[in-house]
Each structure stands twice: as C-alpha cells, then as structure tokens.
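Participant:
In this note's numbering, the protein residues as written are 4 to 716.
1) Taking the straight line between their C-alpha atoms, what separation do you get for residue 618 and residue 688?
2) In the DSSP assignment, the beta strand (DSSP E) including residue 281 goes from what residue to what residue?
3) Examine the Cβ distances between the region 516-524 and the region 536-549 and report whether three or more of them are shorter than 8 Å.
4) Find out if the Cβ-Cβ distance for the pair residue 492, residue 361 is shorter than 8 Å.
5) According to the neighbour-count rule (16 or more other Cβ atoms, all chains shown, within 10 Å of its Cβ), is residue 348 buried or exposed?
6) Do three or more CB pairs link the region 481-496 to the region 415-434 at distances below 8 Å?
7) With a cut-off of 8 Å on the beta carbons, I'd call residue 82 and residue 517 a contact; round off their distance for me.
8) Rounded to whole angstroms, what's the CA-CA distance from residue 213 to residue 220? Just pull it up for me.
9) To the nearest angstrom, how far is it from the Cα of residue 6 to the Cα of residue 292?
10) How is the beta strand (DSSP E) around residue 140 delimited, first residue to last?
11) Could you give the first and the last residue of the continuous beta strand (DSSP E) run that contains residue 646?
12) Put residue 258 into one of helix, strand or coil per three-state DSSP.
13) On the criterion of 16 or more Cβ atoms from any shown chain inside 10 Å, does residue 232 qualify as buried, or is it exposed?
14) How is the beta strand (DSSP E) around residue 180 delimited, first residue to last?
15) Between 497, 541, 527, which lies nearest to residue 503 when the distance is taken from Cα to Cα?
16) DSSP three-state label for residue 612, please.
17) Between which two residues does the beta strand (DSSP E) carrying residue 390 extend?
18) Give me whichever residues DSSP pairs with residue 622 in a beta bridge.
19) Which partner residues of residue 168 appear in the DSSP bridge assignment?
20) Rounded C-beta distance between residue 704 and residue 685? I'm assuming under 8 Å.
21) Hey, residue 409 and residue 399: beta-carbon distance below 8 Å or not?
22) Is residue 121 helix, strand or coil when you go by DSSP?
23) From which residue to which residue does the beta strand (DSSP E) around residue 346 run?
24) In the structure shown, what three-state DSSP assignment does residue 194 receive?
25) Drop a sphere of 10 angstroms on the beta-carbon of residue 28, count the other beta-carbons inside from all chains shown, and report buried for 16 or more, exposed for fewer.
26) Where does residue 444 fall in DSSP's three states?
27) Spatial neighbours of residue 118 within its chain, please: CB distance less than 6 Å, with the 5 preceding and 5 following residues excluded, ordered by chain position.
28) According to DSSP, residue 224 sits in a beta bridge with which residue or residues?
29) From the DSSP output, in three-state form, read off residue 373 for me.
30) Rounded to the nearest angstrom, what separates residue 433 and residue 120 at their Cα positions?
31) So, are the CB atoms of residue 720 and residue 285 less than 8 Å apart?
32) Please tell me whether residue 151 and residue 200 are closer than 8 Å, where the distance is taken between their beta carbons.
33) Just reading off the beta strand (DSSP E) that residue 340 is part of, what are its end residues?
34) When DSSP builds the beta bridges, which residues end up paired with residue 690?
35) Do residue 204 and residue 161 have their C-beta atoms within less than 8 Å of each other?
36) Near residue 716, what residues of its chain come up, given a Cβ to Cβ distance below 6 Å and the 5 sequence neighbours on each side ignored?
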C-alpha cells in the first residue's frame, strides 16, 4: 500500500509517481438522499432538516457531491478555520496520484471520513480523510481522459470512464457492482472519442453527460441510469431534432451535424422536480452557413423533469454560436430577493463573460436581458441580435489598450460576437475567456456570488483558402484572469481581483461561514482569501497546477481542506490535505504558468542556423532543417520557430526563393519592437537584439497566425 508522504519527497521524485496504488479496506455509510416535492426534505449534504421545498444548503462535516449541495452553492458551514487562524493551516498529508497526458481535474467528495476521487488515468480511489491511507483503488483499465468527480449514493460510488462507460462500486470495498455503456444508436462513441467527464447521483438515478464528441459529429446527450443496475432510464439530446420544440431552429437536417455536449454536472431542485443542464456549442463550430438558425438547445440552459427527462423550459444565451461560447459550467440555484420579493433563481454563465439569472420555475429572466444588435455576416448566417443582461460583465467584452485583452497587431480584432470568414478575426473574449467550467460559490452569509474568469482572446477563421487554423489562441497572446465577487441581486461587481493566470478552466471556489474563500490556480498555489475584499490571507504550493475545486470537511470535530492538483509537464498528480497545526513544511511552488501563449515548435540555437530565420517555412524535427516548400497554413511557419541567441546577435530574416508570397516579421508586446519587411521572395533583412528577453513576432504580410519567437539570453 502506498502511504501518504511529504511533498518534498514527491517533488524530488516526480518522475516516479506513476506507480499504481494498492487497495485497502474501511467501512463507510452512504449519505441520505432527499425525496422530491416534500414539505420537509432531508438535506443530503448536511444530514439535517432544511427549509420546506429547498434544494440548497451549506455543507458541513460531509461533502458527498461535487459542488457541495444539489444547488451547487459550494458553501460550507464549518467554522474552525477562520481568517484569524488560517495562517496556521498546514499540510497534514499528500498522496501521489498517477500522472499522465491529461491534467487531474477531479474534485474529491467526502463521506464519513473517506475521500473519494478519480484520476485522469481511470483509477477510482477511497482514501482515509485523516491519515491519507488509500483504502481501495479500482483500476478501470480505461484510456486517459479528463474526469471531474465521482458521485456517492445508496452505498455505491459511481464514476464515468472513457469510452462513455459508467461504473458502480461498492462504497466500502471498491468491488465492481455494475458497468454500463451509454451512447446513441448508430453512432460509434468509442471511435468518436467522446467522453463522460462527470457523474451525479440523485434519488435512485445516476446522471452522466457526454462531451468532446460534438467535434466528431455526435449529438451531445444527458443520460439517466437506474442506480441499482445501470440500466437506461431516459436520455436528452443537446440538439433539437424533428418533433421536439426548437427543431425549426436548425436548417434542414443540420441538427444531426453534432454539438450540444454537456461538460459539467447539472443542478437539481427537488421541490420543483427539475434538473438544470448547461448545453455546449453546435457543430461544425466555424461553419455557420451549414446550420442556419439559432441551433437550439446549444448554448442554452435547459430545465428537465429529473425523473423523466421531459423538457420544461429553456433559455438560450448565445444564438447560432460561432465562437465556442458554450455553456460548460454547473449552474447555481438560490433564493434571492428581486423587486421586493424572494424568488428561486438559477444562475449560470458562459465564456461571453455574462451571467444570467432566471426564475427557476419558468426560465424567465429576473434581471432583464435585452436582445442587442451585433455585427452581421450573411455568409455565416449570423444572428442579428444576442441576449445581453443588465449589469456588469465578468471580464472585458471588447479589446482594451492593456494586457491581457490587448489585440495582437495584424489581426482584425473586435468585441464579442464579431463574425468572421476567410480573414482571421481576433475576438474579445475568446473561447477560453469569461466563465468556463470552474465551480462558482454562493456565500450564504453575505449573499455574494464568486466566479473565476479568464481574460483570453481567440482567433477565428473558416480555414480558407490556405488551410489555416479555424479556432485558436494565438501564440504570444498575454494571459490573465479575474476573480469576481458579484451581487446576484443586481448583477454588479462588488470587488474584482486581477490574476496572472486565467482561472476559469476548473479553478473552482468554496466559501465558508467564517468569511474565507479557498481557490486554486494554474500555478499550483492553493489560496485562502477574504470574502469581503479578495485579499490573500494564506497560500500553499501543491506541487502542480490546480484545475479542480477545493473542499472543506470535518472528521471527529476537526476541519480539513483538500484539493487535487495535477499537470502534464512532467506528469504528476497529488491529493493534498491541510488542517490547523499540520506538520508538513512548505516546498517551492511548481512555477508560474506561462504569461503568454507559447509558440509550438522546436527550439534551435541560433549559431547552428547562422542566426537566420526563414519566413514561410516550417522546421523539420527529423532532419533539423527547414522545410523545402512554403507553408501558409501552419501556426509556426518560421524556420526555426523558436531560436535562442546571446545579446548583441544580429538575426537575419529571409523570405526564401521558391516562396510565392511576401512575408514579414513584426514583434508585439515586447519592450523593444521591430518590423522586418514585407520581404519578397529572395529578399532578406536583419535586426540586432541587444536586450535580454523574449521576442514574439508574427507574419504581418497577411498571415498573422504564423508566429515565431526569439529568446535573447
């Protein structure tokens, strides 16, 4: 059996951490699940009575589901760790997890002194929540895929696996009880590479959703399985087909082209009997003319009967999406005051940077939403309007003169919903901007909603005429993010903290009754902040980037904080647990994530190529030579794409004979700027790099996606 070890030893031996963990045993009890539509239900999270008809409550000793409660408020009533004593929080154990190509994105759950989690490599673990002893470890044998958390109920642990499979394990022993395949008849789910990244249990049903299959032409689905044996109960497709409401929003049979994935788990309101699901973008992503119309139910929040899957209402936040502005987050349900009366609302957002507040029973906005005119492009069948709520966006929705939403030169740039065709367009925010799949948190003490967001532009094109990329984050782009505290009664920002890293890709939040906010970041640091100001009160390096949500729980009257971290450079993963008076010492941080999107390519020493960059040519790694032909499609058609030189070096930029187009090199976002060209085939020009630093440059002759890098040092 692998025992918990100190993080110092783990970091020193990171390359050896892929060894499998061995199983053990320990008894445990399943949490009580609430019955729907009752006057006094039992809160499955707290194990205590809640208000009649309520869905949402604080977690306490146990955290038996990702998001905390069925309303995904991710708020804890525990009070042992406070702003005054949080400086005494320290590591109590760290368990190494398997490393691999996928980051570790699993948020753990905790029931009666046991932590349950899964790895991206297909293992499902039960861990003693105090000592870190691994009690059992189920190896699924599945291929690597992102996994975001297991579900617990009826004495079982449920988990989704690669290839759209779902398993139920005995909660005490990890023994396999059933294994089911989900999918849609006539579609080869395994070949399409679809994933089932999350699992949710409620009242005898296990819910799983498909993701990543839309790009291969699959319709995304939500599947409900019987928890007792894994048999199918019902399913719901993310694109509206014939006979369904909204089918008219697809041109012809384009509803079959794919999309409507379900990347994160829904929220559930037992009193209304509804399950709320955010649905992702349509496919093909950048070919709008092929699917003219609003394309329901993509980019929507849909409300279904949890027991039958019957559609009750929907609200679409992006019409006819062309920008990967999909809804990928778990929504939040809350009772909040609007216009002098308390309403039950469901809150969700998307990468556009806007949050939407809808009446949970009807889907009608409680904070007004206006259909605002946006730029139109008939060749992409764009929608003439988009729904914009009153209030504040989470991030800028147009290019700014400051980092990180400063537009890269040589691109056509625009605000959100700017259309595109052949000419690449840089849009703010992009497909990685705004709110993504990180869990939000609603503080029940101060009523504020906390949201992790990213400031990140994306470039778009239809790929013609050169075969250029169609959706990408340009190399050299600046990175950044925002931690937003939002008043959900007005949709206004109360405070906002800028961060060096984008925070929306899984860096979720949990708040506590003592006024603490715990969140991780891509640089691997777990932080505790003040909910009132966002001020950092405590930090701890976990050894790898955090792309999951921390949790806090209690065992035998002692409060703990746990987080999973993991990365792929080098492959590593950790389960880290902290408590007041923990005895582990700090170790150096894993290192900051890149402040700019890196150039993809081989790094070559300048002297080996006579300090010369060939424009419009790619580098062949097999021969360590430039390619023989002009390449207008690559994002790294500079040969070499990355070159290192000492200060004072004069670098020559050449457009080789044999090319048919002019090329140039223009630096951007660097202290010292330069522009070379445009150069016709056969022409050269030089620039002397005197100062140390990294210089990104793109091809300013009409091919801005082609980016190179000179490292002077």
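A virtual CB, placed ideally from N, CA and C, is assigned to each residue, including glycine.
Predicted model only: the values in this text are computed from it and were never measured.
Facilitator: With the structure as the only source:
1) 11 Å
2) 277-281
3) Because the criterion of three Cβ pairs below 8 Å is met, the region 516-524 and the region 536-549 touch.
4) At a Cβ-Cβ threshold of 8 Å, residue 492 and residue 361 do not count as neighbours.
5) buried
6) no
7) 5 Å
8) 13 Å
9) Residue placement at residue 6 is flagged as unreliable, the pLDDT there being 36, under the threshold of 50; a coordinate-derived value is accordingly withheld.
10) Per DSSP, the continuous beta strand (DSSP E) segment holding residue 140 begins and ends at 137-142.
11) 645-648
12) helix
13) exposed
14) 179-184
15) 527
16) Residue 612 falls in the helix class under three-state DSSP.
17) 388-392
18) Residue 622 is bridged to 629.
19) 164, 184
20) The pair is not a contact, with the Cβ atoms about 15 Å apart (cut-off 8 Å).
21) no
22) Strand at residue 121.
23) Boundaries of the beta strand (DSSP E) around residue 346: 344-352.
24) Note that residue 194 scores 46 on pLDDT, short of 50, meaning its location in the model is unreliable and no value can be drawn from it.
25) For residue 28, the predicted structure reports a pLDDT of 25, less than 50, and the residue's modelled location is therefore unreliable. A value from the coordinates is still provided. Within a 10 Å sphere around the beta-carbon of residue 28 sit fewer than 16 other beta-carbons, which makes this residue exposed.
26) Three-state DSSP puts residue 444 in a strand.
27) 111, 130, 132
28) 240
29) strand
30) 31 Å
31) Here the chain comprises residues numbered 4 to 716, so residue 720 is not present and cannot be evaluated.
32) yes
33) Boundaries of the beta strand (DSSP E) around residue 340: 335-341.
34) 654
35) The answer is yes: Cβ separation under 8 Å.
36) So the list reads 695, once near-sequence residues are dropped.
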